[in-house]
Amino acid sequence: MREMTFVVINNCNNNPPIGNISNNSAGSTLIDTTTIKICKSNGTLSFNINPTDIDGNTINMVANGIPTGATFTISNNNTTNPTGGFSWNLTTAIPGTYTFFITYEDNGCPLVSKQTQAYTIIVLPNPSSTVSITAQPVCSQKGQIKIIPNGGTPPLHINILQGATTIFTQYNASGAIYDSLFYNPGGYTIHTADTNGCYSDTTVVLNTPITILPNITKVAPNCYNGNNGSITITNVIGAVSPIQYAIGTGAYGSSNVFSNLTPGSYTIHVKDANNCIKDTVVVVPNTTPIGGNIIYTKPPCNAFQNGAIAIVAFNGTAPYQYALGAGPYSANNIFTNLYSGTYVIHIKDAVNCIRDTTVVLLDSINVHATVSTTNNLCFGQSLGTVTIVGNSGTSPYTYALGSGIYTSSTTYVNLSANTFLFHVKDVNGCYLDTLITISQPNPLVNTLTITPISCFGLSNGSVAIATTGGTPNYQYAIGTNAWGSNNTFTNLGIGTYTLHIKDVNNCSKDTTIVITQPTLLGINAAFTKPLCFGESTGTITITGNGGTPAYTYAIGTGAYASTSLFNSISAGTYTLHVKDANNCIKDSIITITQPTALQISASVVKNICSSTSTGKITLFANGGTPTYQFAIGTNAFTSASQFNNLAAGTYTLHIKDANNCTKDTVITIQDSIVVGASVSTTNISCNGLSNGVIIANGNAGISPYTYAVNTSAYSVSNVFSNLSSGTYTIHVKDVNGCIKDTTVNITAPPPVGIQITIVNPLCNGSNNGSITVTGNGGTPGYSYAYNTNAFGATNNFSALLAGTYIVKVVDSKGCLKDTTVSLVNPSPVQFTLSTTPVLCFGDNTGTVTISASGGTPAYSYAFDTNPYQGSNILTGLNAGIHTVHVSDNNNCIKDSTINITQPTEIKIINAPLTNATCPGFKDGVASINGTGGTPAYTYSIDGTNFGSNNVFTSIGAGTYTLSIKDANGCIKDTIITITELPPLTFPNVSITPVSCYGFKDGKVTIAASGGQPSYLYLMMPSTTYSVQNSFNNLYAGAYTIKVKDSKNCMKDTIIQIPSPDSLQINLQVTNNNCIGNANASIVSVVQGGTQPYNYTWNPFSNDPSIFNLANGVYVLYVQDAHNCKDTATATIRFDNCCLPFIPNAFTPNNDGNNDRFRIKFVGDITIERFSIYNRWGQEVFFTKNPTDSWDGTYNDVPQDGGTFFYYLKGTCGNTSPTPLELKGDVTLIR
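Using my numbering, the letters of the sequence shown correspond one by one to residues 453 to 1682.
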């Protein structure tokens, strides 16, 4: 009786649909509808599963295997639309792959069905970086951060950020160490990301280095502009000993004092043990210069010696001494009997500080003059005039030129170009000496550019004139031609010409020139003829002469070249050209001849029989240059013209004349009729037989023919049979005995062979064996058979059981080959099993070890529905019943079942803890206890180092993962948090800067927050804490302040007391010129301190800069907004100049007018020697003092009137003196 199953066909018997993941939380990635991926974090993974029943009935959802720590909440279960909500705080999650199962049961249809779906969650590990500061910033050196990336899924990617700005990026950072990255002070975030987008951030802070602040004391020199000032550096704040010091570009040393300094600005360098350097500009002030109040009386004019100067010193160290010029010092401060002029008064105080003051005694009455001049128009003329008229003095006036006598005449004529000293004197003897210059133009100078005639007999010479001097504009003429502005004359023939040039003042100059021409250009030629007819082997050599070398040459219309030899010349008429450097050309015509053409002819005799050598060729030559030689092919030339014993073929014949000219011809010797033969063969049918046949037939010769094979005799039979395999020579001979040989081969096929390929049955007892037969040898094609079966084209016999078979091959000629073949069975597949249980609850660490035999190795193994593997150890088995499969190399399979066990789940009972105290302290305590798993247990707080102690001490604030590990290495984690007091901070800091550079009046007030009140404070280097939080009387610089709360938690901070820069004055001085005007100025530039500045000058002024100053000493006092003060001094004197004047006469008659002969000057002058000599060369006066004068005596004896001679040598100016040397005469009038 058959059983029957009835199925109601409607829409209720569908399996319930699988619910897909939806609404997954941010940060997670849905790989497919049932698999989600997320990075390990402190956030929560959540998503929904929403199956829908299409038949409108109810679905029941059951969840299994939810990961530890996760929840799965089912709402609206047993309805049409139940919803599963998954939630997992990943704080406690261990990176890995988690799978849970939802079973869906459709209860609404007549057929109840269930379906289970696996859902996978992949928690990816986050990468991280171990970050350490290997060097904090020190002064100008940047810090160093060391980064070691690890974890995550390589390759890793590192970004370093300062704020929101990325300052460094490194891709593919897997396994690498990044060191020697230098950064400025501040906070940095190291962002480490892996290929899955998982990341972690680590923050480091590089400290701000302490600034070096030196305290500097400066001391001015004893005397104004002296060189014994000093700078001392003390109390260097923020520096690390030992400290070194340097000034300017000098070397560093341990001395903190720099002495022997002049006033001015210096750069002081302070360097500590870390090579941190602080540069400070220090101004060494000047000492107030000695001053002098001056009263003077001027002479009425330059003829009187009754001036006086009185001076009273101040500002120095009394008592004072005074000196005039180069005179000795004394207490006398009044100097009398002075001419008008410039005098230097020297003041020296008790400490030998010296101040020089220049006093100018100007005449009360100055004689002036009005001057008009007429200069010379042409160089070398003496037609200049001077008209001079005195004024401002007391008329009448008299005048003198140089050492001439005084007259009333005011006009001087016929003066050449020169500078003249004129004297004007009024009725009182007051005088004016003035220099007047009469000028002239420069001489006319002509620069000529002469171009000679280019070619003999032409008139293309020229001359161009460039004129300087005189007074432009210029005119030019040649010979007797008219004047004009054109300065170039062209088309000149050979000869001598006179050039005339005049300027606008009709000053003129003549120049004679010669125009030349080259000699007549000539040409000579030599040549060689071509050796052979039609060749271009001739040469022509051209030689030029005359004209203007160098020469170039050409033939016909060819280009000119410097070579005179022309090769490759053929027969013909040629025009030769020579051209000189001026392009002058000379031509000549020559004719080149050649030999007649070489000719060749021949007579030919052909061969009797084909392939014999009885031919002959005879050659005949004419033309060219006798005598002749003959050659055939590549043979050497000889005098023989006949060539014998030639075979049929084509020959190249050559003749050569006396000039080696050659002529070739090609001649063919015809062969007689060639005997031919046609040969056919029949090869051996089967290997080992002798049934080959050869048939030969003669043709093309002269019949009848006879035949022979190999060495046999000739006969009329042309058939050769019963031949074995081999090579045969067939001979055919005609009636003339001409023979034709033909070689043929008689072949035999190779023996028939057989090649067998068998495939045994794959599994024991199967009928999938096969035999493949391949024939070879014999004569293809082949037919195949096995046992008693008929032959056919198929060579593969399949579906065979194990056994013995006879296989056969026959070729197309009927040749047969057979052999016997056996197929065998493999043994059956067998195996034994051994198991290991799961190590940890819920894991898949169970294993099965399989020992297989039989079948056909190698074996592969599998369990349940998993794929086969080569290893005989199956891993990854969870607890339960599993089916084990073994397959051999031929896919023969054997199955068996096995049961895998597991231990109970590890559970944490409790984890009590004690929090840390101060920020950064590690005095927290945590402990942990558990059950389940496989005892005994070990414990860890870092997930790496496990031990038997379940209590962990010396823990700082933070989140920790406590772990229990059993004897099988199964681990259970829990997360704890250790807290600490809030960090100490300094939200309120009040800083009062120092008022002036180097002062000690800075102040800091600080208030702490955080930690555990109340607070105590100290400022280093003090070691005593107190409630006092204000610190006064501080220098500028960096200070470390410490605070301590009631729990003895401490915090440091560095406070910077700022300071204004040192108040500094720089004075820019413009001195007076030697004209005598008071137009000097001092411009001040003030830096540092605190603006605004107050200015006070001595002499008095409140402006920053002062102008229109007379020579003297000026002191500036500057005070800033904080009453910080500085002083600077400047001296106004003459520029680097002097205006000396030496009179040409004096009258030492004690009438008060012109009684002494002296140098008059304005500015600074230094005298090395001022000597006066009489007419016999005897020195009657000598001095080095520029204010000294001669009274007309020698050894106190008055000298007679007459001419004396003076010599003055010295320097003029002060900052860059220039040499001064004057010579002249002076008239002593009695």
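Ideal Cβ positions, reconstructed from N, Cα and C, are used throughout, including at glycine.
Original post:
Can you give, in chain order, each stretch of the beta strand (DSSP E) that sits fully within the segment 818-843 and has at least 3 residues?
Top reply: The DSSP assignment places 820-826 and 836-843 as complete runs of the beta strand (DSSP E) inside the segment 818-843, in order along the chain (cut-off: 3 residues).
**OP:** Determine the extent of the beta strand (DSSP E) in which Arg807 is found, giving its start and end residues.
**Re:** Along the sequence shown, one-based indexing puts residue 807 at 355. Counting along the chain, Arg807 sits inside the beta strand (DSSP E) bounded by residues Ile806 to Leu813.
Original post:
Of all the options Ile518, Phe553 and Leu1672, which has the alpha carbon lying nearest to the alpha carbon of Trp540?
Top reply: Residue numbering aside, residue 540 sits at position 88 when the sequence shown is read from its first letter. Ranking the options by Cα distance to Trp540, first place goes to Ile518.
Original post:
Would DSSP call Pro579 helix, strand or coil?
Top reply: Within the sequence shown, the letter at position 127 stands for residue 579. Strand.
Original post:
How long is the line joining the alpha carbons of Ala1245 and Asn1216, rounded to whole angstroms?
Top reply: Within the sequence shown, residue 1245 is the residue found at index 793, counting from 1. Within the sequence shown, residue 1216 is the residue found at index 764, counting from 1. Straight-line Cα distance between these residues: approximately 31 Å.
**OP:** Sort Ala1011, Ile975, Tyr1005 and Gly1008 by Cα distance to Asn997 and report the nearest one.
**Re:** For the purposes of this step, residue 997 is taken as the residue at position 545 of the sequence shown. Here the closest residue by C-alpha is Ile975.
Original post:
Where DSSP assigns a beta bridge to Leu1268, which residues make up the other side?
Top reply: On the sequence shown, residue 1268 is found 816 positions in, with the first residue counted as 1. As a beta-bridge residue in DSSP terms, Leu1268 pairs with Val1262.
Original post:
Using the rule of at least 16 other Cβ atoms within 10 Å of the residue's Cβ for burial, across every protein chain shown, is Leu1252 buried or exposed?
Top reply: Position 800 of the sequence shown, counting from 1, holds the residue named residue 1252. Per the 10 Å Cβ criterion, buried.
Original post:
To the nearest angstrom, how far is it from the Cα of Thr1618 to the Cα of Pro1638?
Top reply: Counting from one through the sequence shown, the residue named residue 1618 turns up at place 1166. Counting from one through the sequence shown, the residue named residue 1638 turns up at place 1186. If you draw a straight line from the Cα of Thr1618 to the Cα of Pro1638, it is about 7 Å long.
Subject >> Which residues DSSP lists as bridging Met513, in chain order >> reply: Here residue 513 refers to the residue found at position 61 when the sequence shown is read from its first residue. In DSSP, Met513 forms a bridge with Tyr556.
Original post:
Cβ of Leu951 within 9 Å of Cβ of Tyr928?
Top reply: Position 499 of the sequence shown holds residue 951. Position 476 of the sequence shown holds residue 928. It is a contact, given that the beta carbons lie within the stated cut-off.
Subject >> Closest by C-alpha distance to Gln1321, when choosing among Val803, Asp1340 and Asn674 >> reply: Mapped onto the sequence shown, residue 1321 falls at position 869. Of the listed residues, the one whose Cα sits closest to Gln1321 is Asp1340.
Subject >> Leu1050 versus Lys981 - alpha carbon distance >> reply: Here the question's residue 1050 lines up with position 598 in the sequence shown. Here the question's residue 981 lines up with position 529 in the sequence shown. Straight-line Cα distance between these residues: approximately 16 Å.
Original post:
Looking only at C-alpha atoms, which of Thr1043, Lys1494 and His721 sits nearest to Met1472?
Top reply: What you label residue 1472 is simply residue 1020 of the sequence shown in a count that begins at 1. Closest by alpha carbon: Lys1494.
Subject >> Given Ile642 as reference, the closest of Asn1525, Gln622 and Phe1613 once Cα atoms are compared >> reply: By 1-based counting over the sequence shown, the position of residue 642 is 190. Residue Gln622 holds the alpha-carbon nearest to the alpha-carbon of Ile642 among Asn1525, Gln622 and Phe1613.
**OP:** For Gly777, name the three-state secondary structure that DSSP assigns.
**Re:** Start at 1 with the first residue of the sequence shown, and residue 777 comes out as number 325. Residue state, collapsed to three classes: coil.
Subject >> Enclosing beta strand (DSSP E) for Phe1552 [first to last residue] >> reply: Start at 1 with the first residue of the sequence shown, and residue 1552 comes out as number 1100. For Phe1552, no beta strand (DSSP E) run applies, since DSSP gives it neither H nor E.
**OP:** Taking all protein chains shown into account, decide if Trp1642 is buried (16 or more other Cβ within 10 angstroms of its Cβ) or exposed.
**Re:** Looking up residue 1642 in the sequence shown gives position 1190. Trp1642 should be labelled buried.
Original post:
If you check the beta carbons only, do Gly1128 and Ala1152 fall under 9 Å apart?
Top reply: Position 676 of the sequence shown, counted from the first residue, corresponds to residue 1128. Position 700 of the sequence shown, counted from the first residue, corresponds to residue 1152. Contact check for Gly1128 against Ala1152 passes: the beta carbons are separated by less than 9 Å.
Original post:
Is Cys1590 helix, strand or coil when you go by DSSP?
Top reply: Residue 1590 sits at position 1138 when you count from the first residue of the sequence shown. Under the three-state reduction of DSSP, Cys1590 is assigned to strand.
**OP:** Inspect the CB distances between the segment 767-787 and the segment 897-916 and report whether three or more fall short of 8 Å.
**Re:** Result no; under three Cβ-Cβ pairs closer than 8 Å.
Original post:
Got a sec, what are the start and stop residues for the beta strand (DSSP E) Arg1621 sits in?
Top reply: On the sequence shown, position 1169 is the one that residue 1621 refers to. Counting along the chain, the beta strand (DSSP E) containing Arg1621 begins and ends at Ile1617 to Tyr1625.
Subject >> CA nearest to the CA of Asn674, picked from Thr644, Tyr640 and Asn712 >> reply: Here residue 674 refers to the residue found at position 222 of the sequence shown. When the alpha-carbon of Asn674 is set against those of Thr644, Tyr640 and Asn712, the nearest one is in Asn712.
Original post:
Whose C-beta lies closer than 8 Å to the C-beta of Ser632 among residues of the same chain, with five residues either side of it excluded?
Top reply: Along the sequence shown, one-based indexing puts residue 632 at 180. Its pLDDT being 48, under 50, Ser632 is placed unreliably by the model, and the measurement read from it follows with that caveat. Cβ neighbours of Ser632 beyond the five flanking positions: Gln596.
Subject >> Closest by C-alpha distance to Gly793, when choosing among Asn754, Arg1682, Val1168 and Ile1458 >> reply: Counting from one through the sequence shown, the residue named residue 793 turns up at place 341. Closest by C-alpha distance to Gly793, out of Asn754, Arg1682, Val1168 and Ile1458, is Asn754.
Original post:
Which one of Pro607, Thr1476 and Val709 has the shortest CA to CA distance from Ser580?
Top reply: By one-based count along the sequence shown, residue 580 stands at place 128. If we check each option's Cα against that of Ser580, Pro607 comes out closest.
Original post:
Under a Cβ-count criterion, where at least 16 other Cβ atoms within 10 Å of its own Cβ denotes burial, should Asp1499 be classed as buried or exposed?
Top reply: The residue given as residue 1499 occupies position 1047 in the sequence shown. According to the sequence shown, residue 1499 is Lys rather than Asp. Taking a 10 Å sphere around the C-beta of Lys1499, we find fewer than 16 other C-beta atoms and assign the residue as exposed.
Subject >> Residues sharing a beta bridge with Gln1508, DSSP >> reply: Locating residue 1508 in the sequence shown gives position 1056, counting from the first residue. Bridge partners of Gln1508 according to DSSP: Ala1490.
**OP:** Could you say which of Ser1137, Tyr864, Ser1016 and Cys959 lies nearest to Ser1264 if we only look at CA atoms?
**Re:** Position 812 of the sequence shown holds residue 1264. Ser1137 is the residue among Ser1137, Tyr864, Ser1016 and Cys959 whose C-alpha sits nearest the C-alpha of Ser1264.
Original post:
DSSP three-state call for Met1471: helix, strand or coil?
Top reply: Position 1019 of the sequence shown, counted from the first residue, corresponds to residue 1471. DSSP places Met1471 in strand when its eight states are reduced to three.
Subject >> Sheet register partners of Thr1288 (DSSP bridge) >> reply: Along the sequence shown, one-based indexing puts residue 1288 at 836. Residue pairing by DSSP puts Thr1288 in a beta bridge opposite Thr1299.
Subject >> Residues near Val1632 by beta carbon distance below 6 Å, same chain, minus five either side >> reply: Within the sequence shown, numbered from 1, the residue matching residue 1632 stands at position 1180. Taking C-beta separations shorter than 6 Å and ignoring five residues to either side along the sequence, the partners of Val1632 in its chain run Ile1624, Asn1626 and Tyr1646, following chain order.
Original post:
In terms of residue numbering, what span does the beta strand (DSSP E) encompassing Lys1031 cover?
Top reply: Stepping through the sequence shown from its first residue, residue 1031 is reached at position 579. From DSSP, the beta strand (DSSP E) with Lys1031 extends over Gly1024 to Lys1031.
Original post:
Taking the alpha-carbon positions, what's the Tyr795 to Tyr748 distance?
Top reply: Here the question's residue 795 lines up with position 343 in the sequence shown. Here the question's residue 748 lines up with position 296 in the sequence shown. The straight-line gap from Cα to Cα measures roughly 11 Å.
Original post:
Going by beta carbon distance, what residues of the same chain come within less than 6 Å of Asn1550, once the five residues before and after it are set aside?
Top reply: For the purposes of this step, residue 1550 is identified with residue 1098 of the sequence shown, where counting begins at 1. Only Val1567 meet the Cβ criterion.
Subject >> Cα-Cα separation between Cys1664 and Trp1628, rounded to whole angstroms >> reply: Mapped onto the sequence shown, residue 1664 falls at position 1212. Mapped onto the sequence shown, residue 1628 falls at position 1176. Going by the C-alpha atoms only, they are around 30 Å apart.
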